[in-house]
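Numbering (the UniProt record's numbering), first residue to last: 1 to 169.
Right under this line is the structure:
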């Protein structure tokens, strides 16, 4: 098997894992009635971005393919950061004595106007974000599964693009 073919197999593995992960979260939502919070939705968007960008990479060769796969790896790292943030919010909510109806960590900056409020709302958890961070799947928090998935995808994509770089030289 050539180096380029190995890289393509790794990228295909990421696409399959992304589709499986997306199917799993849809199953959690519709079969187990686990409603997603805003951070869950952003993680889904990161998963879809990884799938689409990696798939686009199959239509190009060389540097463009490598660049797309690096971009997909960055989206995967962003998804891992969102899952880690969600886990952090869940831990903060556990430490609070009052109910976790809202966990506001960043205040919106009035100088930034509506963008500042939107940014603060994006990185703030409502009760559903903290609750979603405590849900488990196979005995492990879903946020941990999400972090593992996204980091695994990033590592696999970086290995694939490294293999493509070796094939060119």
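From the three backbone atoms N, C-alpha and C, an ideal C-beta is built for every residue, glycine too. Because the structure is a prediction, the values reported are computed rather than measured.
Starting from the Cα of residue 153, find the closest Cα among 59, 16, 2 and give me that residue. Taking the first residue of the chain shown as position 1, residue 153 is located at position 153. Distance check between residue 153 and each of 59, 16, 2 places 16 closest, using alpha-carbon atoms only.
Going by DSSP, what residue range makes up the alpha helix (DSSP H) through residue 16? Here residue 16 refers to the residue found at position 16 of the chain shown. Where residue 16 is concerned, the enclosing alpha helix (DSSP H) stretches over 3-30.
What is the DSSP secondary structure of residue 102, counted as helix, strand or coil? Position 102 of the chain shown, counting from 1, holds the residue named residue 102. Confidence at residue 102 is low in this model, with a pLDDT of 46, below 50, so its placement is unreliable and the value that follows should be read with caution. Correct three-state label for residue 102: strand.
Segment limits, alpha helix (DSSP H) that includes residue 139: Indexing the chain shown from 1 puts residue 139 at position 139. Boundaries for residue 139: no alpha helix (DSSP H) harbours it, and the DSSP string shows neither H nor E there.
Along the chain, where does the alpha helix (DSSP H) containing residue 55 start, and where does it finish? Working through the chain shown from its first residue, we reach residue 55 at position 55. DSSP places residue 55 inside the alpha helix (DSSP H), whose first and last residues are 38-57.
Is residue 87 buried or exposed, if buried means 16 or more other CB atoms sit within 10 Å of its CB? Within the chain shown, numbered from 1, the residue matching residue 87 stands at position 87. Residue 87 should be labelled buried.
Am I right that residue 160 and residue 11 are in contact with their C-beta atoms under 8 Å? What's the rounded C-beta distance? The residue labelled residue 160 in the question sits at position 160 within the chain shown. The residue labelled residue 11 in the question sits at position 11 within the chain shown. At roughly 5 Å, the Cβ-Cβ gap stays under 8 Å, so residue 160 and residue 11 are in contact.
Do residue 39 and residue 82 count as a contact pair if the criterion is CB distance below 8 Å? Here residue 82 refers to the residue found at position 82 of the chain shown. Here residue 39 refers to the residue found at position 39 of the chain shown. Yes.
Just the Cα atoms here: how many angstroms apart are residue 158 and residue 76? Within the chain shown, numbered from 1, the residue matching residue 158 stands at position 158. Within the chain shown, numbered from 1, the residue matching residue 76 stands at position 76. Cα to Cα, the separation comes out at about 11 Å.
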